[in-house]
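For reference, the structure discussed in these notes is given below.
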Amino acid sequence: MTNEPVWQPSAAQAALKSRAQQLAFVRGFFAQRGVLEVETPILGQRGVTDPNLDGIQAHVSAGARTGGWLQTSPEYHMKRLLAAGCGSAYQVSRVFRNGELGRRHNPEFSMLEWYREGFDDVALMSEVSDLVCGWLGCQPPEIIRYRDAVKRWANIDAFEATDRELLRHCEQWLEPEQLADLGRDGCLDLLMSFAVEPNLGRQRPVFITGYPASQASLARVSTLDGHEIAHRFELYINGLELCNGYWELTDPKEQRRRFETDNRLRRRSGKPEMALDEAFLAALGQGLPECSGVALGLDRLLMIKLGVDDIREVLAFPFDRA
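Going by the working numbering, the first residue of the sequence shown is number 154, and it counts up by one from there.
Right under this line is the structure:
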């Protein structure tokens, strides 16, 4: 008996056709709104500092340059285009994240990312709703604040609870020794994953907004009810996260500070530090226009359209068949 490789695609023909229809819908949507389609590198010279993301390093030798990273998102390159004056833009891109494999994850996946000049996060949420609900034929999302969602489904105040209280609350899912190095944001992520997210978007789509400032990443921060919050939103349908959007940070000094904070967190968790993307920071220094941006997982959107719960059913060749 031979161990022959599986050559057939894992997605049915109907799924492949639906993917083509999805791409046509996306391009038509943005063409009607006058948003420019762009392409940026899949292989870049820098990875990302985000402690929650692990990039895939490439071994490239090109002239005097060596190394490289498969991009986890087209974000930095697209913002460089915005700083150069390209205006509102979108991209359908293949992106790569190490260690992500399962029913909802594949190391390589399709991302739709777009940036809208002159939009704040509220305006962009409205456009996300138009695109997603236009494709799925569903009712518009409701909006729930992060603090209210955590109170409702995890039964704790994410902004007022002490670090110790959060740790003790998380012991219902992990043993104390597993929580030792988790930190405040790690605990909050755990609460979202286990207690909150499975309940989101069951009756209708839902936007979660008003994240803690410590989870701002590349978003602006403001004060609400005495707490600093990030102008960030995520969209959920049937417990599945579809997108992550921001009213974008434009201050290069603050962005550098956040990158340096990321690297401190990476060191603390035993991950390697990442070189800062100086070209991106230089673009911010030149001047990023006022804008909001969002990244949306097209594979997951297709899963919802087809009513399937395994990403393999919408990919021609997932990693184990690639």
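Glycine residues also receive a C-beta, built at the ideal position from the N, C-alpha and C atoms. Because the structure is a prediction, the values reported are computed rather than measured.
- With contacts defined by Cβ atoms closer than 8 Å, Leu176 and Ala242 do not form a contacting pair.
- When the Cα atoms are used, Arg218 and Pro194 turn out to be separated by approximately 16 Å.
- In this structure, Tyr389 sits away from Ser445, with a CB-CB distance that is not shorter than 8 Å.
- The alpha-carbon separation between Gly460 and Ala366 amounts to approximately 35 Å.
- If only uninterrupted alpha helix (DSSP H) runs of at least 4 residues are considered, those enclosed by the segment 282-324 are 299-307, 316-323.
- DSSP, read as helix, strand or coil, puts Val179 in helix.
- Around the CB of Gly252, fewer than 16 other CB atoms lie within 10 Å, so the residue is classed as exposed.
- Cβ-Cβ distances below 7 Å link His380 to Phe312 in the same chain, with the five nearest sequence neighbours on each side left out; the list follows chain order.
- The three-state reading of DSSP puts Asn352 in helix, counting H, G and I together.
- Here the alpha carbons of Pro158 and Met278 stand approximately 44 Å from one another.
- Taking every protein chain shown into account, the CB of Lys170 has fewer than 16 other CB atoms within 10 angstroms, so this residue is exposed.
- Taking each of Gly200, Leu234, Ala215 in turn and checking the Cα distance to Tyr268, the smallest one comes out for Leu234.
- Ranking Gln439, Phe472, Arg453, Arg474 by CA distance to the CA of Ile464 puts Arg453 first.
- Contact check between the segment 339-353 and the segment 278-291: fewer than three CB pairs, one atom from each, fall below 8 Å, which does not count as touching.
- Secondary structure of Glu270 (DSSP, three-state): strand.
- Around the C-beta of Gly255, fewer than 16 other C-beta atoms lie within 10 Å, and the residue is accordingly described as exposed.
- In the DSSP annotation of this structure, the continuous segment of the alpha helix (DSSP H) that includes Glu407 starts and ends at 405-421.
- At a cut-off of 3 residues, the continuous stretches assigned as beta strand (DSSP E) that sit fully inside the segment 188-265 are 242-249.
- Beta-bridge annotation (DSSP): Phe470 is not paired with any residue.
- Boundaries for Phe347: no alpha helix (DSSP H) harbours it, and the DSSP string shows neither H nor E there.
- If the five residues before and after Tyr364 are omitted, its C-beta is found closer than 7 Å to the C-beta atoms of Tyr299, Ile382, Ala383, Arg385, all from its own chain and listed in chain order.
- For Asn397, the pairing in a beta bridge is given by DSSP as Glu387, Ala448.
- Scanning its chain for C-beta atoms nearer than 6 Å, with the 5 sequence neighbours on each side dropped, one finds around Cys323 the residues Leu332, Cys340, Leu343, in chain order.
- In this chain, the alpha helix (DSSP H) harbouring Gly440 covers 431-440.
- The shortest C-alpha to C-alpha distance from Ile457 to any of Gln224, Gln185, Arg257 is the one to Arg257.
- A distance of 8 Å or more separates the beta carbons of Asn308 and Gly354.
- Residue burial is scored here from C-beta neighbours: Phe178 has fewer than 16 other C-beta atoms within 10 angstroms and is therefore classed as exposed.
- When C-beta atoms of the segment 201-211 are compared with those of the segment 221-230, three or more pairs fall below 8 Å, so the two segments count as touching.
- Boundaries of the beta strand (DSSP E) around Leu377: 374-377.
- In the three-state reduction of the DSSP assignment, Gly363 falls in the strand class.
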